[in-house]
Amino acid sequence: MARNQSTPEQQSVRVLKVGERVRHILSELLARGEVHDDVLTAHSVSVTEVRMTPDLRNAKAFVKPLLGEDEAAVLKALRTNTAFFQREVAKRLGLKFAPKLNFQPDESFDEADRIERLLSDPRVARDLDEDD
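At position 26 of the sequence shown (counting the first as 1) the number is 45 in our numbering, and the numbers step up by one without a gap.
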């Protein structure tokens, strides 16, 4: 399941910059423990990427709890506190509209691990050696 609906080259510089600012704001809120939620304060959560729509009204935030622990509980807590995050993002960004946040699990690390395991498989390694 690929999440690349559009490549960075196809997005405007402004959309990319706003997405990166939203990522920094969310990361800061989570790192400083500004969210009053027991689940979120008990876990370190990494915001790996934020993808904005071209109109800047929607933002998809890809998150991963460090060590991958309790991912479902962390996602539920993030989604429960979406209104708080949207308020803080709106306040700190200074945009006309606050982007609607949608938290999604970041599966890119799992996918990279799966590819790494496939490449280290002896049969695949043998095929790769035959090509050389």
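Virtual Cβ for every residue (Gly too), placed ideally from N, Cα, C. As the structure is a prediction and not an experimental result, all values here were calculated from the model.
How many Å lie between residue i and residue j at the Cα?
{"i": "I44", "j": "V82", "result": "13 Å"}
{"i": "L97", "j": "K115", "result": "24 Å"}
{"i": "H62", "j": "E39", "result": "22 Å"}
{"i": "E47", "j": "R145", "result": "46 Å"}
{"i": "D74", "j": "V58", "result": "32 Å"}
{"i": "T99", "j": "R142", "result": "46 Å"}
{"i": "R111", "j": "D148", "result": "53 Å"}
{"i": "T60", "j": "R33", "result": "32 Å"}
{"i": "L86", "j": "E135", "result": "18 Å"}
{"i": "D89", "j": "G113", "result": "33 Å"}
{"i": "G52", "j": "S139", "result": "40 Å"}
So for residue i, helix, strand or coil by DSSP?
{"i": "L75", "result": "coil"}
{"i": "L120", "result": "strand"}
{"i": "R51", "result": "coil"}
{"i": "R136", "result": "helix"}
{"i": "E88", "result": "coil"}
{"i": "A21", "result": "At A21, the pLDDT of 49 sits below 50, so the modelled position is not reliable; the number obtained from the coordinates is stated separately. In this structure, A21 counts as coil in the three-state DSSP scheme."}
Considering only the alpha carbon of each residue, which of the options lies closest to residue i?
{"i": "R42", "options": "N121, R136 and F116", "result": "N121"}
{"i": "N77", "options": "L35, R136 and P141", "result": "L35"}
{"i": "P124", "options": "F103, A50 and A91", "result": "A91"}
{"i": "A109", "options": "V32, R33 and V37", "result": "V37"}
{"i": "K79", "options": "T60, V69 and S63", "result": "V69"}
{"i": "K95", "options": "P73, L112, S139 and D56", "result": "D56"}
{"i": "T67", "options": "P84, L75 and V54", "result": "P84"}
{"i": "T101", "options": "E88, L75, A50 and A117", "result": "A117"}
{"i": "V93", "options": "R136, R142, V64 and R106", "result": "V64"}
{"i": "V54", "options": "E135, F104, T72 and E88", "result": "F104"}
{"i": "S31", "options": "G87, R51, L49 and T72", "result": "T72"}
Closer than 7 Å to a non-hydrogen atom of the ligand SAM - does that hold for the CB of residue i?
{"i": "L35", "result": "The ligand SAM is not part of the structure shown, which contains no ligands of any sort."}
Based on the DSSP secondary-structure assignment, which residues constitute the bridge partners of residue i?
{"i": "V64", "result": "P84"}
{"i": "R70", "result": "K79"}
Give the range of the alpha helix (DSSP H) segment to which residue i is assigned.
{"i": "L112", "result": "T101 to L112"}
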